[in-house]
Amino acid sequence: MEIRALREGDDRSTFHSGDPDLDRFFLRFAGQNQFRHHVGVTYVAVEDDRILGFATVCPAHLEIDRLPARARRGLPRYPVPVLRLARLAVDRSAQRMGLGSQLLRFVLQLAARLTRDYGCGGVVVDSKPPAVAFYARYGFVTVEALEGQSEARPQPTPMFLSMRAILSASGGHGG
Ligand SMILES: CC(C)(COP(=O)(O)OP(=O)(O)OC[C@H]1O[C@@H](n2cnc3c(N)ncnc32)[C@H](O)[C@@H]1OP(=O)(O)O)[C@@H](O)C(=O)NCCC(=O)NCCS
Numbered sequence: 002m003e004i005r006a007l008r009e010g011d012d013r014s015t016f017h018s019g020d021p022d023l024d025r026f027f028l029r030f031a032g033q034n035q036f037r038h039h040v041g042v043t044y045v046a047v048e049d050d051r052i053l054g055f056a057t058v059c060p061a062h063l064e065i066d067r068l069p070a071r072a073r074r075g076l077p078r079y080p081v082p083v084l085r086l087a088r089l090a091v092d093r094s095a096q097r098m099g100l101g102s103q104l105l106r107f108v109l110q111l112a113a114r115l116t117r118d119y120g121c122g123g124v125v126v127d128s129k130p131p132a133v134a135f136y137a138r139y140g141f142v143t144v145e146a147l148e149g150q151s152e153a154r155p156q157p158t159p160m161f162l163s164m165r166a167i168l169s170a171s172g173g174h175g176g
C-alpha cells in the first residue's frame, strides 16, 4: 500500500466510502481543485492500482479566539496558520482496517513538514458527526464554529490538533 499525491490519470470512479458527499467530492472536484484551480492537494492510498482511501489538504488559518483556552495559551493574537484536512475517506471495503489512521498520520507528517518550512500551528478538520469520535482518539479538540461557515447538512464539527501535540507524539522531529 502506497500513499501518494493524486494523479490526473487515476481512476476515481470505483471509490465508495458510503458517504455520498465525500464520494461526489472525490469523483468530481478533487481533480479540478488540484490540477486546474490549485486550491488543494489530494493524497490517495493505493493498492494494486486501486484507490482505497484519500485525504485532501489545503493551507488555512484559524482565528485564535475559536480555540479552547488551553490550546490558546502562549499563541499570538493574530490568526494562526494551519493545515486543513478538508476531506478524509476510506473505501467501504477497507474501512476499520487502519487505513483512515494511516492517512491521518500521513497528514500530520505533512503538517510537521509545513511547520519546518513555513510555520504551521496545527491541523484543523471539519468533522462529519459520525467521525468526531475518530478524530478525538488522536487528540483533536472541538473548536468554536463560525456563524454561517458551512452549507453542509448536518453541520460539521470543527476540530483542531496543535502542532505541539503533533510534534510531541512524533518525538519532536515531525516524522
Ligand atoms: C471515518 C473513517 C475515515 C475512518 O477510517 P477507517 O480506516 O475506517 O478507520 P481505522 O480503521 O483507521 O480506525 C482507527 C480506529 O478508530 C476507530 N474508528 C474508526 N471509525 C470510527 C468512528 N467513526 N468513530 C469512532 N471510532 C472510529 C476504529 O475502531 C479504530 O479503533 P481501534 O484501533 O481501537 O480498532 C472511515 O471509516 C470513513 O471513510 N468513513 C465514512 C466517511 C467519513 O465519515 N469520513 C470522515 C469525514 S470528516
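Take 2 as the starting number for the sequence shown in the working numbering and just add one per residue.
By construction, the Cβ of each residue, glycine as well, lies at the ideal position given by its N, Cα and C atoms.
Asked, Found
"Give, in chain order, every unbroken run of the beta strand (DSSP E) that is at least 3 residues long and sits entirely within the region 51-125.", "51-63, 81-91"
"Contact between the region 128-136 and the region 37-56: three or more CB pairs below 8 Å?", "no"
"Please classify Val124 as buried or exposed, where buried requires at least 16 other C-beta atoms within 10 Å of its C-beta.", "buried"
"When the Cα atoms are used, what is the spatial distance from Pro1 to Ser94?", "Past the edges of the chain, shown from 2 to 176, lies residue 1, and the structure says nothing about it."
"Thinking just about the alpha-carbon of each residue, which of Ser14, Tyr136, Arg74, Leu105 is nearest to the one in Tyr44?", "Leu105"
"Check whether the Cβ atoms of Ala112 and Ser171 sit closer than 8 Å, and answer yes or no.", "no"
"Nearest by alpha-carbon distance to Gly19: which of Val91, Gln103, Leu109, Phe161 is it?", "Val91"
"Comparing alpha-carbon positions, which option in Glu3, Gly54, Ile4 lies nearest Phe26?", "Gly54"
"Just tell me which of Leu86, Leu63, Arg85 has its CA closest to the CA of Leu76.", "Leu63"
"Following a CB-centred definition, is Leu23 positioned closer than 7 Å to any heavy atom of ligand 1?", "yes"
"So, using beta-carbon positions, are Thr116 and Ala87 closer together than 8 Å?", "no"
"Quick one: what does DSSP say Met164 is sitting in, helix, strand or coil?", "helix"
"Among all the DSSP beta bridges, which residues are the ones paired with Tyr44?", "Ala6, Ala56"
"Kindly list the residues whose CB is nearer than 6 Å to the CB of Arg13, restricted to its own chain and excluding five residues on each side of it in sequence; keep chain order.", "Phe27, Leu28"
"Where Arg8 and Asp118 are concerned, what is the direct C-alpha to C-alpha distance, given to the nearest angstrom?", "24 Å"
"Check whether the Cβ atoms of His82 and Gly120 sit closer than 8 Å, and answer yes or no.", "This sequence places Pro at residue 82; His is not what is there. Yes. Within cutoff."
"Could you tell me the distance, in whole angstroms, from the CA atom of Phe141 to the CA atom of Leu162?", "5 Å"
"Could you check the C-alpha separation between Asp24 and His17 for me, to the nearest Å?", "6 Å"
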